[in-house]
Amino acid sequence: MQIFEFDTIVIGSGLAGLTAAYHSSSFGKVAVVTKSELDISNSYYAQGGIAAVMTSDDSPALHIKDTLTAGRGLCDLDAVEVLVNEGIERVNEIIGMGMKFDMQKGKYLLGMEGGHSKRRILHAGGDATGKVLTSFFLEKVKEKPSIYPFEYLSVVKLLKNNDRITGIMAIDLRTGSNIIFKAKAVILATGGLSRLFARSTNPDTATGDGIALAYEAGAEIADIEFIQFHPSALYIPGTDAYLISEAVRGEGAWLLDHNGNRFMKEIHPLAELAPRDIVAYSIFKQIRESGKDYIYLSLKHLDPEKIKNRFYNIYIHLKELGLDMTKDLLPVSPAAHYMVGGIRTNLDAETNIKGLFICGEAASTGVMGANRLASNSLLECLVFGKRASEKAAQLTCANCDTGILNPVKINSENESTFLTFQNETATIMSKYLGIVRNKSGIEKALANFREVIEKYRHEKDDYYLMKIFHSATICSLIANAALKREESRGGHIRSDFPEEDPGFQVHIIQQKNKEIQFEPVRK
Ligand code: SIN
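My numbering runs 10 ahead of the 1-based position in the sequence shown.
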């Protein structure tokens, strides 16, 4: 097997991975490993923007309050304070580096999204913030001679020696060859898992691989039952659940039922801009009661020119599908969008395993609680990506041996088995672990996942069979936590426990070969 040695390995090339790589390059040689191409990531597709306090009528205290309110009592206060306060520094830092956010007459154009009490969403290219921001960072990363990108490498194992991470083993998806990367620190920024559900706003790559790798290595997984469903994904059978940014509602778009009523007005004082969990659940109920698969988003009452300019990419995409967003009612329904929990870290993005750091959607830093405040995620990437790189740089590794490893092979005959499993799993996840869950449904799903885990637990050398094992493991982690949390809170709603229970103001922590733990929130 080929062996490379680096100071830091970053897995993933979304905003968190690129931020971590950029800052790590000041301290040594960095490998950026991604299973597709460098510019394919969930961050790339972010339409809304990045939340930060940028005006004198706003304040960190207000941003913290909004984050805590959206998080439904499950945010760790110290982590939220770091996010908001350092977030301002990080945003100003990237502006100083040359990042251009949308401006008018010398002032930032700030957007509005659900749960925010002030306009504080910086955006770029109108509705193309993720694309502009990740492209900006990609250029910065490419300028750094100490950063080495590796594309089409899928990580199959996190390597450990003496209870610390010493590197990774990856398989080249084009040639099938196995490669070992040794390093003092691994920063995992592999994103979320929303593609485990049948309807998702995420790219195909968002399958939670990093969660499975970290769990197998002994990392703690926190609050993974909380899945954020984006309220307004386009609903056209046979097409993808295309995201129609919440920023569209921030500019005044309405959600209408099949009788043309603005139903959100009766549900929450912020109406269409209520926190995302409330809007998604309200749409779910409308859909169930109407017997239709969607409700409508309407912008017909808004200035068409303004809408076209502000949301140019969405406008064009919908036009290609035969819809004029300034005139037509847009059919929408919720779709899996964001993994709120993840691999547990401290404030330095460090896990319970020495040498393993997590940032971005893959991490559970404590800032998201039970429901992420819109547009806080890109901010989290900047803040904790930098923190991870700085802490990782302090590590030494006296014996970074990776030991003898069995190679993993790609047996293409097993690909169809994997794809069939993936489709069946997506149906089960959406049916039993979607917006609303209950005990008997979760137990059915869990029984299925346990059977798959049992069947494939020894298949560690076959790429596709190992992927089945990993996916079933992640799904069972979601189901285990969803079963234990006998209450409704944020992105976890139980029809058999419809109320929020103050006794459940705890994080649910899972670790391989250990009983589930409950840990108090840091207030
Ligand atoms: C959106 O544009 O609605 C998505 C933004 C986010 O998920 O934070």
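Each residue gets a CB set at the ideal place from its N, CA and C atoms; glycine is no exception. Here the structure is a predicted model, which is why all the values come from computation and not from measurement.
Going by Cα to Cα distance, which pick from 144, 117, 57, 111 is closest to residue 48? 144
For the region 105-189, which segments carrying the beta strand (DSSP E) assignment without a break, of at least 3 residues, lie completely within its bounds, in sequence order?
157-160, 163-171, 174-182
- Which partner residues of residue 367 appear in the DSSP bridge assignment? 197, 360
Anticipated Cβ contact below 8 Å, residue 137 with residue 386, distance rounded: Contact flag wrong, Cβ pair sits at about 18 Å.
Task: residue 372 vs residue 148 beta-carbon contact at 8 Å - done: no
According to DSSP, residue 263 sits in a beta bridge with which residue or residues? Looking at the DSSP assignment, residue 263 forms no beta bridge with any residue, so it has no partner.
Checklist entry - Quick one, which of 28, 282, 267 has its alpha-carbon nearest residue 141's? => result 28
Original post:
Of the choices 431, 96, 278, whose alpha-carbon is the least far from that of residue 292?
Top reply: 278
Proximity test, residue 502 beta-carbon vs the ligand SIN heavy atom, cut-off 7 Å: no
How many Å lie between residue 326 and residue 517 at the Cα? 42 Å
Item to check | Cβ separation of residue 253 and residue 306, assumed to be a contact under 8 Å, to the nearest whole Å | outcome: Not quite, the Cβ-Cβ distance comes to about 16 Å (not below 8 Å), so this is no contact.
For residue 342: DSSP bridge partner residues: 244, 305
Please enumerate, following chain order, all residues with a beta carbon closer than 5 Å to at least one heavy atom belonging to the ligand SIN. 57, 58, 255, 256, 384, 385
For residue 503, verify whether its CB is less than 7 Å away from any heavy atom of the ligand FAD. This structure does not include the ligand FAD; its bound ligands are the ligand SIN.
- Query: Mind checking whether residue 367 and residue 401 have CB atoms under 8 Å apart?
  - Reply: yes
TODO: Whole angstroms is fine: what's the gap from residue 70's alpha carbon to residue 409's?
DONE: 44 Å
Residue 57 and residue 139 look like a contact to me (Cβ under 8 Å); what is the Cβ gap, rounded to whole Å? 7 Å
- Message: Assuming contact is defined by CB atoms lying nearer than 8 Å, are residue 82 and residue 379 in contact in what I supplied?
- Response: yes
What do you reckon, are the CB atoms on residue 486 and residue 463 nearer than 8 Å?
yes
C-alpha gap between residue 513 and residue 504, whole angstroms
15 Å
Output needed for residue 72: all residues of its chain with C-beta closer than 7 Å, excluding positions within five of it in sequence on either side, in chain order. 127, 128
### Message
Quick check: the region 116-126 against the region 18-35, are at least 3 beta-carbon pairs closer than 8 Å?
### Response
no
- Query: residue 124 and residue 289: beta carbons closer than 8 Å?
  - Reply: yes
request  = Output the distance between the C-alpha atoms of residue 559 and residue 60, rounded to the nearest integer angstrom.
outcome  = With the chain covering 11 to 533 only, the question about residue 559 has no answer from this structure.
**Asked** Which ranges does the beta strand (DSSP E) cover as unbroken runs of at least 3 residues, wholly within the region 16-81, from first to last along the chain?
**Response** 18-21, 40-43
If I'm right that residue 215 touches residue 481 with Cβ under 8 Å, what's the distance once you round it to whole angstroms? Contact flag wrong, Cβ pair sits at about 13 Å.
TODO: Hey, could you find the ends of the alpha helix (DSSP H) residue 314 is sitting in?
DONE: 314-320
Original post:
Helix or strand or just coil, what does DSSP make of residue 439?
Top reply: helix
Taking the alpha-carbon positions, what's the residue 37 to residue 242 distance?
42 Å
Query raised in the report: In the structure shown, what three-state DSSP assignment does residue 191 receive?
Result: strand
| Quick one: any contact between the region 351-369 and the region 167-178, if contact means 3 or more CB pairs under 8 Å? | yes
Fill in: residue 533 classed as buried or exposed, judged by whether at least 16 other C-beta atoms fall within 10 angstroms
exposed
* When the Cα atoms are used, what is the spatial distance from residue 508 to residue 194? -> 46 Å
Give me the Cα-Cα distance between residue 474 and residue 352, rounded to the nearest whole angstrom.
23 Å
Going by DSSP in three states, residue 219 sits in which element: helix, strand or coil? helix
> Hey, would you say residue 274 sits closer than 8 Å to residue 284, going by beta carbons?
Replying inline: yes
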